[in-house]
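Peer 1: This structure is in structure tokens; I'll ask about it shortly.
In this note's numbering, the protein residues as written are 147 to 308.
Below is the structure:
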């Protein structure tokens with residue numbers, strides 16, 4: 147996108163942001179979400195309308211540098227990357243003493259529950275409780291799917307009551 151200007155843009159690089167919306171859409175929800183045409187149940191007239199009105203709109207309303215930093219964080223965030231744990235992720239996870247219910251979306255393509263299963267095994271007071279949903283990375287997000295929201299709310303009530 148020629149408007150990108152190496153990150154020092156004067157106007158949003160809309161072509162790049164729209165493209166990111168399209169790419170993100172392919173990973174944010176599951177294949178079943180698209181097969182079952184859930185976007186039609188959400189009121190979109192077609193897949194193209196969903197992609198433009200939801201994903202492109204979400205990305206073009208964001209700052210491009212913020213989105214790049216989000217991706218950078220995904221790639222580089224490491225709770226063990228410090229002088230206390232010296233890149234020993236097992237040790238860092240083992241140091242988490244709080245009770246935790248880790249709730250990935252079962253169909254999350256960005257952060258699959260199999261990764262959380264490995265992490266939770268290292269956490270002494272953690273339980274893996276995937277959200278059984280076709281909403282992928284959006285599973286449990288507020289305002290998307292009432293069943294997912296109830297699942298998360300129930301788990302929060304449970305952990306706060308313990």
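Beta carbons are placed, not taken as given, at the ideal position from N, Cα and C, and that holds for glycine.
Give every residue of the same chain whose Cβ lies closer than 7 Å to the Cβ of residue 201, excluding the five residues on either side of it in the sequence, and list them in chain order.
Peer 2: Within the same chain, residue 201 has close Cβ partners 167, 168, 170 and 171.
Peer 1: For residue 271 versus residue 243, is the C-beta distance shorter than 8 Å?
Peer 2: Result yes, Cβ atoms of residue 271 and residue 243 sit closer than 8 Å.
Peer 1: On the criterion of 16 or more Cβ atoms from any shown chain inside 10 Å, does residue 283 qualify as buried, or is it exposed?
Peer 2: Result: buried.
Peer 1: Rounded to a whole number of angstroms, what is the C-alpha to C-alpha distance between residue 301 and residue 287?
Peer 2: Straight-line Cα distance between these residues: approximately 14 Å.
Peer 1: If you reduce the DSSP assignment to three classes, tell me which class residue 285 lands in.
Peer 2: It is coil, neither helix nor strand.
Peer 1: To which residues does DSSP link residue 248 through a beta bridge?
Peer 2: Looking at the DSSP assignment, residue 248 forms a beta bridge with 274.
Peer 1: Do the stretch 170–186 and the stretch 220–228 touch if we need at least three Cβ pairs shorter than 8 Å?
Peer 2: As far as the Cβ criterion goes, the stretch 170–186 does not touch the stretch 220–228, which means the pair count is below three.
Peer 1: Using the C-alpha atoms, what's the distance from residue 281 back to residue 291?
Peer 2: Straight-line Cα distance between these residues: approximately 8 Å.
Peer 1: When the Cα atoms are used, what is the spatial distance from residue 157 to residue 206?
Peer 2: Approximately 11 Å between the Cα atoms of the pair.
Peer 1: Do you know whose CA, among 154, 151 and 174, lies nearest residue 256's CA?
Peer 2: It is 174.
Peer 1: Does the Cβ of residue 254 have 16 or more other Cβ atoms within 10 Å, making it buried, or fewer, making it exposed?
Peer 2: Burial call: buried.
Peer 1: Count the other C-beta atoms from every protein chain shown that fall within 10 angstroms of the C-beta of residue 224, then say buried if there are 16 or more, exposed otherwise.
Peer 2: When all chains shown are included, residue 224 counts as exposed.
Peer 1: If we ignore side chains and look at the alpha-carbon of each, how far apart do residue 189 and residue 289 end up?
Peer 2: Distance between the alpha carbons of residue 189 and residue 289: 14 Å.
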